[in-house]
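Position in the sequence shown counted from 1, then plus 1355, gives you the numbering used here.
Built from N, CA and C at the ideal position, the CB exists for glycine as well.
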Amino acid sequence: MQYTTLGRTGLTVSVAGLGCGGFSRLGLGTGQSEQHAIGIVRQALDLGVTLIDTAAAYGTEEVVGAALQGIDRDRVVVCTKASKPPGEAAFSAAKVVESLDASLRRLRLDHVDVFQIHAVPPAAYDHVRDTVVPALLRQRDAGKFRFLGITETAPNDPEQVMLNRAAREDMWDTAMVAFHLMDQVARTQVFPHTMARGIGTLMMFAVRAIFARPAQLAATMKELAAAGQVPAWLADSDDPLGFLVHPAGASSVIDAAYRYVRHEPGADVVLFGTGDPAHLRTNIASILKPPLPQADLARLQSLFSHLRGVGLEAPPSRAR
């Protein structure tokens, strides 16, 4: 495993972070048992992963808490999140604090390392900053968490307007950022500001469905080509990103996708989600590989840097 420092937090973390939400939810999203999910967490720890990212909304905090029993607390950086309650018009400071307390109970911890306000849209940012953050900082001072983070609602904010604002302010220790090889907006909108302020970044959407499902990728390319957004030749192949796979390059499109995000200046931790032990190992192996060849990186920037909102679909809603 390779390790890095998570921005100004000073936390030493693995560059590969286990994401406990997304489509897989440690396997719970595909019908696996809680014991199976616990096993995924423990296997990740055995492979050197030291950062685990969950959330109240994911339904995986109990599993993470069970998996961490008997593990040295200083060995793991635990991140969780509070969301706006479904159907409510705004984030509530009181309910975010209640969510924090409930997360600690489910995780069986007296504190988390990073507590994040989850999926903040641009229109809610001022309220979150001015009303929710002061209440949370009191909880931080009481010892319930160490560092404060914010995450974006990428499918609904393709220009990353919210993070562009948040990354210019000093109260955020971490930011969760959407970035992948066909969604490069953060390179100009977010990373210059997070790097300038020492805000640690947790990278999401590195693969998502679009790169894991060849048929979806091919269909998306056809739609983009028909709209004049990418060259027509990309629509003529069932493997439009196959040019990335060659002896000096990536071993697969998924391999390329993880390596692309991992080595972007400004990216600290690449989050990956899985419920499959074999995928756990191959995902980590890809994140640990060297950068893609410079010619491939240049080609990806030329082809896709202008795109907005591609491959940012949200996972299915979860029953609570």
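For A1674, does the three-state DSSP call read helix, strand or coil?
Residue mapping note: residue 1674 aligns to position 319 of the sequence shown, counting from 1. Summary for A1674: the model assigns pLDDT 38, below 50, so the residue's position carries little reliability, and this model does not support an answer.
Tell me, to the nearest whole angstrom, how far the beta carbon of A1580 is from that of A1590; I am working on the premise that it is less than 8 Å.
Locating residue 1580 in the sequence shown gives position 225, counting from the first residue. Locating residue 1590 in the sequence shown gives position 235, counting from the first residue. Yes, they are in contact, since the Cβ atoms of A1580 and A1590 sit about 4 Å apart, within 8 Å.
Is Q1471 helix, strand or coil when you go by DSSP?
Taking the first residue of the sequence shown as position 1, residue 1471 is located at position 116. Looking at Q1471 - three-state DSSP - the assignment turns out to be strand.
Do the CB positions of L1557 and L1626 come within less than 8 Å of each other?
The residue labelled residue 1557 in the question sits at position 202 within the sequence shown. The residue labelled residue 1626 in the question sits at position 271 within the sequence shown. Yes, the pair counts as a contact, with Cβ atoms nearer than the cut-off.
So, helix, strand or coil for D1512, using DSSP?
Within the sequence shown, residue 1512 is the residue found at index 157, counting from 1. DSSP places D1512 in coil when its eight states are reduced to three.
For R1675, count neighbouring Cβ atoms within 10 angstroms of its own Cβ and tell me buried if that reaches 16, exposed if not.
In the sequence shown, residue 1675 corresponds to position 320, counting from 1. Since pLDDT at R1675 reaches only 34, below the 50 mark, its modelled position is unreliable, and the value read off the structure follows with that caveat. Per the 10 Å Cβ criterion, exposed.
Return yes when the Cβ of S1438 is within less than 8 Å of the Cβ of A1300, no when it is not.
Nothing can be reported for residue 1300: it is not among the residues displayed for the chain, which extend from 1356 to 1675.
Using 8 Å for Cβ pairs, my map puts T1587 next to L1647. What's the rounded Cβ distance?
Counting from one through the sequence shown, the residue named residue 1587 turns up at place 232. Counting from one through the sequence shown, the residue named residue 1647 turns up at place 292. Note that residue 1587 is Ala in the sequence shown here, rather than Thr. That belief does not hold up - the Cβ atoms of A1587 and L1647 are roughly 24 Å apart, past 8 Å.
I'd like the list of long-range same chain contacts for Q1306, defined as Cβ closer than 7 Å, with 5 residues on each side in sequence excluded.
Residue 1306 lies beyond the stretch modelled for the chain, which goes from 1356 to 1675, so this question has no answer here.
Report yes or no: do the region 1541-1560 and the region 1472-1492 share at least 3 C-beta pairs separated by less than 8 Å?
Because the criterion of three Cβ pairs below 8 Å is not met, the region 1541-1560 and the region 1472-1492 do not touch.
Give the DSSP-derived three-state secondary structure of M1576 in the structure shown.
The residue labelled residue 1576 in the question sits at position 221 within the sequence shown. In the structure shown, M1576 sits in a helix (DSSP, three-state: H, G or I).
Let me make sure I understand the geometry here. Which of G1384, D1512 and A1449 has the alpha-carbon closest to that of V1488?
As a working note, residue 1488 is residue 133 in the sequence shown. Minimum Cα distance to V1488 is reached at A1449.
Which residue marks the beginning of the alpha helix (DSSP H) containing F1659, and which one marks its end?
For the purposes of this step, residue 1659 is taken as the residue at position 304 of the sequence shown. Note, F1659: alpha helix (DSSP H), Q1649 to F1659.
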